[in-house]
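This report concerns only the one structure given below.
Residue numbers (UniProt numbering), protein chains in the order written: chain A, 1 to 390; chain B, 1 to 390; chain C, 1 to 390; chain D, 1 to 390.
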């Protein structure tokens, strides 16, 4: 194993590379979470978060990981036995659905199967809604960007289908690996609960998660009968009015959040999204240049934040990842669930410059070659062509 | 208001002053939580945590605040309608009981009322257990150190009473403001679930919480019927075997945890406990020197980690705190719940040297004087006497 | 030895306690010192430094300690054999004079002896100047604040004497332990070279030093014949015009400097000076309350940044310091040169809040008692009286 | 200009990319430089520095940049009028010679002219020494690695020539851009003074510099008659015995030094040198792949720490650098002195992983193309070939 030197290349699809100023911000001394200084911070954060979600409504911050925010979205809005429609778009949509089932929601009836290479299918949704004349479906769950596959679902089309059907189901969307990376608009797209985490496009360490909440979701929460304590929106929204929280907040990560939001604001969300698209295009150019296949099958659904690469038959993705980790000190994402060993995932989200992406793709190319995967050497050049001209 | 300069005096009973090396540790770059480096960290942490809880059994780490760990202790071990015995020792025991009620547990029948100036009463427990010949009480909840009152319950005596009664109820103990500050022994005292948080004696920012789990609690968790997903011990313990977690762990706080555990180890737990007792004694000497009253009434139950000070009639504790914050840049704890305005709380836990305590008590003395509270000027001298000779 | 916990009390007269934001600033990644980002930083720094020195002229920044800036002040302005008048005010004035001698300057003829308990004597200066009708004295060296004694010389009176004598000697002033702590005005007081360092009132780690330069000093530098390379002002002033330096600058300390200047600006220089005076008054009140003697004899010359405390006969100051370091983890300044063992010095400069000063004086009081020094216990109370009412 | 995101690529030949643990180390609170904790640090540092220089003799640490250490090497060993032999190997050898001249040393007589594309010429030295039968030449100055050209002089051959001539001149070697990057052995190669700085292979921010000193140099220093104060070895070596310094040391940079030495030790000096050679080879492969010329002409003298690239006629190196900085946020070194505009320099020293080098070379390739420089696209692939197989 080559002795390690220099910064590790963390090119998994999250956690992402935390900017140095964010790391320094979280190293500031912890303050009294009931004092005036902290209350002012809370107010600034709540004001700055809205634009990132594309909402003028409330955003609930949890001192917890994204899994908790999934749970929160469900327990605040639904009641035991409620029917939830979900799409089989990948590993994380499956886990969220499994969680819903474990909470006592009905997730079998309205399950839309899929091949893990496409996003949520608006047409399939239209069919299901057409059948549901009694409006038994209480919520539609969509993972905006499937971290396991690199496929981005077209949420506006999902919304349109709901609207055209005049169906009152809540729209719950997981943006864990898209928020702050891929264009997203909670209000404009009529999303009811947006689930997010700190460790991807928000460029923070893990430990914070979020629910952006529509008026309709808030109304639903008043009638929801799933038990909720830690995840209950009510006390949080109430305490937030005074700049406080009903539990001890994760103070130092909140310092980092303020710095990260400032960084996003300085680059400009539009620029952030364009950069991710450009990096994704360069990565796909590399994959195709190597003669390999991108997992995502629909040109409209390529993820801006990660690219899953299909291995040729007979080649193990985890072997490639291991070689790359040991020889080049770079972490890539493994294939998850049914994709284990068959794909590896290149994360290109969060703070990322062109040259770090070039170094990343250089490492992938060398790793593929070292692993004996038959690839053409044209990948890197094709990527640079995109970066240079894009 | 005096312009601020120098480090803020954070003398609330938690979050506590995070040591500089811990702050620097949490500023290290986030790594792949599924990679070998992180797995090794997890294993080191799990090994180092045991001694701090006084257990050789498992400790579950949550990327969440202490409130979540309360919820975890209940939902992993109990079932709807289970009777839970709790003591009215202060604000936090009341909140925990309220949570249990909201979860569908029965908390009225076995509630032991109290005056917020004493700990959990072993004699009252003995009476209740004697009545419960059918062993309907499934759990006894004790807050080891009441952060709202500065009273430390005598857990070993609670254990003895349970043993003498031959009662099988689980013993659930909240050590949020005592772990790493006040002598505590999960295994030796036969505790079934110990609840803890990162931001007090463990000297970390908020954002991590813990459940130490006995074999008996583990067994109970297999039959428990309260719904649990995020808080479920099972997947955590399973994943921990491989050095991983079923959710994205709060990586950077875990870096800090390793550093904090090292600091505790270097000072030596026995020395840490003795230091807290000595600082608590000095603080009580100051309070009495001023002619004021310590809230805690039982000499056996004075907290090592904080001291609640009763105000003379007609004087508002919050006014004193406000003056001290504005003039001397020190945060003290407010009176909570029924004690609002009647007490203020001096935190003397976590990393704390003699001179910072002396500065703290100097600020309290000056603040009381500035607020017009009739105090004798003998407090500080009495405290120094303890520090000098202790 | 008590196990250490909490932050060390660094109460020497410098280096001082570096504010946390400054420490975090110096941890930012080093940039290209020839690139546009660094040039912009240099320009901001040079603009912000002037007001701290009270000058609209140039300030030269050295990547070196204060000793180097002493040397720079001499070699840039003087020529071999030049007569330099200096005052025996303490250890540092003696060292500076020794350096001047080693450089080939004439330092015997115009040496004004002193007792290390007073500042530079304007009357003695008037006499000497009156004798020097040929204007053979080329420079007058004054240490504004003698770090070894806690005596502040009255520079405006020195200036007045020079003016009244119509004497053209350069006025070189060492402000190493006064800049940013004690009122100082390079332009208004007609100082020609002001020597300063980073590690005292500027609240930085050691490693930077400064020369503020008058037009007259600049003119003198063109005729000066002492050899100078690293310390030569010329190339620095030339390169500074482009925002660069003729040597590799100490980039990360400069990051800290920007942050420190911001902190000074936020508090306001007037407030900074007043705070130091108030802390000095509180410290003297403590010393007198203990029944001990302050080294400085002239009420007009008490230092705002440190206080030297005379030990009673038969008591060793270093023993007291050792006890305080081992028992209370506080560093105090030793007696230097002829004062070794006879005084200890309490630094109260740089970032310092009232409660840290109270903790400091508490530690001194306890240390004196533990060392068996006969002191009255009234010191701390007297200091608090000043802090509370001041 | 592309909005910046991600870490800047600092690929100048120093300052280099400071490792994160070093940055965090320098953010630790400053301590008393006269206390026992600091003395212990000093002793550890002095012990750990020796192996990096390849010496068992003393190493003097200056709180100053490398220019100062140049001055120190001369003023400690020589006297006015002493003849100094130097080689014209590039910009820095010229500056050092210029400094020697300004100090009153005789640098004309024994100047060996050169073309800035070769190192110090052992044969030319042999000739000069043969002529100097009176041993008038007192010192031979060699820049081990010319930072302006990327040429490494063969110091062992210089030594051999001196030995074969039986000439007693001191051998003074500048290793500012080679120490900790390119094999170097102070004792074994019979060097008398080795000059080094913190900001290159030692992976620190600028602000520290060094003189490693042979017995012969120490002896010479006792007779040297150039004035020396700040740079005087004597007081430093004397104070070092007690773990202290005669000036205020740059405490926080010394914290970083300890961490950096640990990092070097962990990788192993042999591995460090091999890595630099491998990265240099990959870089030259890229340059040649592009169809460009490496400045260094002698295969034996290619630098391990930087590569200077000659531009084709009619193309401006600074334009390329500007495009690369603006488009790809990477800093490269400019051509210096007579090479201005004609070369750019790629730094590949200090902490540097393969993928960061690949990103660096990607940026250079794209920048050359964007600047319209006629290059073949084969450079990057050739470099990866070296990295993959090396």
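For each residue, glycine too, the CB sits at the ideal point set by N, CA and C. What you are looking at is a predicted structure, and each value in this text was computed from that prediction instead of being measured.
* Under 8 Å Cβ-Cβ, which residues of chain C neighbour residue 51 of chain B? -> Those within 8 Å of residue 51 of chain B in chain C number zero; the least Cβ separation is about 17 Å.
* For the region 124-207 of chain C, which segments carrying the alpha helix (DSSP H) assignment without a break, of at least 4 residues, lie completely within its bounds, in sequence order? -> Segments of the alpha helix (DSSP H) lying fully in the region 124-207 of chain C: 155-165.
* Asked: So residue 10 of chain A is in the alpha helix (DSSP H); what residue range does that whole segment cover?
  -> For residue 10 of chain A, no alpha helix (DSSP H) encloses it; the enclosing beta strand (DSSP E) starts and ends at 9-11.
* Taking the alpha carbon of residue 155 of chain C as the point to measure from, which residue in C:149, C:163 and C:327 has its own alpha carbon closest? -> The shortest CA-to-CA distance from residue 155 of chain C to any of C:149, C:163 and C:327 is the one to C:163.
* **Helix, strand or coil at residue 366 of chain B according to DSSP, with G and I counted as helix** => The answer is helix: DSSP assigns residue 366 of chain B an H, G or I state.
* To do: Could you confirm whether any beta carbon from chain D is found closer than 7 Å to the beta carbon of residue 176 of chain C?
  => Among the CB atoms of chain D, none fall inside 7 Å of the CB of residue 176 of chain C.
* Beta-carbon spacing of residue 307 of chain A, residue 9 of chain A below 7 Å -> If you check the CB distance, residue 307 of chain A and residue 9 of chain A do not come in under 7 Å.
* Asked: Quick one, which residues of the region 306-319 of chain C are near chain D if we go by CB-CB under 9 Å, in chain order?
  -> Listed by position along the chain: nothing, the set is empty.
* In terms of residues, what are the limits of the beta strand (DSSP E) holding residue 17 of chain D? -> For residue 17 of chain D, there is no enclosing beta strand (DSSP E), as DSSP marks it with neither H nor E.
* If you run the structure through DSSP and keep just helix, strand and coil, what is residue 313 of chain B? -> Note: residue 313 of chain B maps to coil in three-state DSSP.
* **Inter-residue Cα distance where the pair is residue 374 of chain D and residue 328 of chain D** => Straight across, the Cα-Cα distance linking residue 374 of chain D with residue 328 of chain D is about 20 Å.
* **Interface flag, residue 226 of chain A vs chain F, CB-CB below 7 Å** => In the structure shown, chain F does not exist; the protein chains are A, B, C and D.
* Since residue 334 of chain D sits in a beta bridge, which residues does DSSP pair it with? -> D:344, per the DSSP bridge assignment.
* chain D contact residues for residue 8 of chain C, given Cβ-Cβ distances below 8 Å -> Those within 8 Å of residue 8 of chain C in chain D are 29 and 31.
* Asked: Of all Cβ atoms in chain B, is any one closer than 7 Å to the Cβ of residue 18 of chain A?
  -> Interface residue, yes.
* Report the three-state DSSP secondary structure of residue 375 of chain B (helix, strand or coil). => Residue state, collapsed to three classes: coil.
* Can you grab the Cα-Cα spacing for the pair residue 181 of chain D / residue 248 of chain C, in whole Å? => Whole-angstrom Cα-Cα distance: 19 Å.
* To do: Quick one: grab the DSSP three-state call for residue 212 of chain C.
  => Strand, per DSSP.
* Can we say the region 45-55 of chain B touches the region 206-226 of chain A, given the rule of at least three CB pairs closer than 8 Å? -> Using a C-beta cut-off of 8 Å, the region 45-55 of chain B makes no contact with the region 206-226 of chain A, since fewer than three inter-stretch Cβ pairs fall below that distance.
* Asked: Cβ of residue 4 of chain C less than 7 Å from any chain D Cβ?
  -> Judged by the 7 Å Cβ criterion, residue 4 of chain C is not in contact with chain D.
* Using a Cβ cut-off of 7 Å (strictly closer), state whether residue 1 of chain D contacts chain C. => Residue confidence for residue 1 of chain D is low, a pLDDT of 46 falling below 50, so the modelled location carries little weight and cannot support an answer.
* In or out: residue 317 of chain C buried (at least 16 other Cβ within 10 Å) or exposed? -> Buried.
* Since residue 93 of chain C is in the alpha helix (DSSP H), which residue starts that stretch and which ends it? -> 91-102 is the span of the alpha helix (DSSP H), which, as asked, contains residue 93 of chain C.
* Asked: What three-state label does DSSP hand residue 279 of chain B in the structure shown?
  -> Residue state, collapsed to three classes: helix.
* Contacts that residue 330 of chain D makes with chain A (C-beta to C-beta distance below 8 Å) -> For residue 330 of chain D, the neighbours in chain A by C-beta distance under 8 Å run, in chain order, 355.
* Mind pulling the chain B residues with CB within less than 9 Å of residue 160 of chain A? -> Under the 9 Å cutoff, chain B gives no residues; its nearest Cβ is about 32 Å from residue 160 of chain A.
* My guess is that residue 148 of chain A and residue 92 of chain A are in contact by the Cβ rule of under 8 Å, so how many angstroms apart are they, rounded? -> The pair is a contact, with the Cβ atoms about 6 Å apart (cut-off 8 Å).
* Asked: What do you reckon, are the CB atoms on residue 151 of chain A and residue 285 of chain A nearer than 7 Å?
  -> Taking the C-beta atoms as reference points, residue 285 of chain A is found no nearer than 7 Å to residue 151 of chain A.
* Hey, residue 195 of chain B and residue 100 of chain B: beta-carbon distance below 7 Å or not? -> It is not a contact, given that the beta carbons lie outside the stated cut-off.
* Is the CB of residue 44 of chain A under 7 Å away from at least one CB in chain C? -> No, no contact with chain C.
* Could one say the Cβ of residue 83 of chain A lies closer than 7 Å to chain C's Cβ atoms, at least one of them? -> For residue 83 of chain A, the answer is no, since every Cβ of chain C falls outside 7 Å of its Cβ.
* Cβ pair count under 8 Å reaching 3, the region 99-119 of chain D against the region 27-45 of chain D -> Counting C-beta pairs with one atom in each stretch, the region 99-119 of chain D and the region 27-45 of chain D have fewer than three that are closer than 8 Å, which means they do not touch.
* To do: Pick out whichever of A:120, A:115 and A:82 has its Cα sitting closest to the Cα of residue 102 of chain A.
  => From the listed residues A:120, A:115 and A:82, the smallest Cα separation to residue 102 of chain A is found for A:82.
* Closest Cβ-Cβ distance between residue 200 of chain B and chain A: below 7 Å? -> Cβ-Cβ to chain A under 7 Å: no for residue 200 of chain B.
* Asked: Got a sec: is the Cβ-Cβ distance from residue 181 of chain B to anything in chain C below 7 Å?
  -> Under the 7 Å criterion on CB atoms, residue 181 of chain B is classed as non-interfacial with respect to chain C.
* When we look at the beta-carbon of residue 131 of chain B and count the other beta-carbons within 10 Å, is it buried (16 or more) or exposed? -> Label assigned to residue 131 of chain B: exposed.
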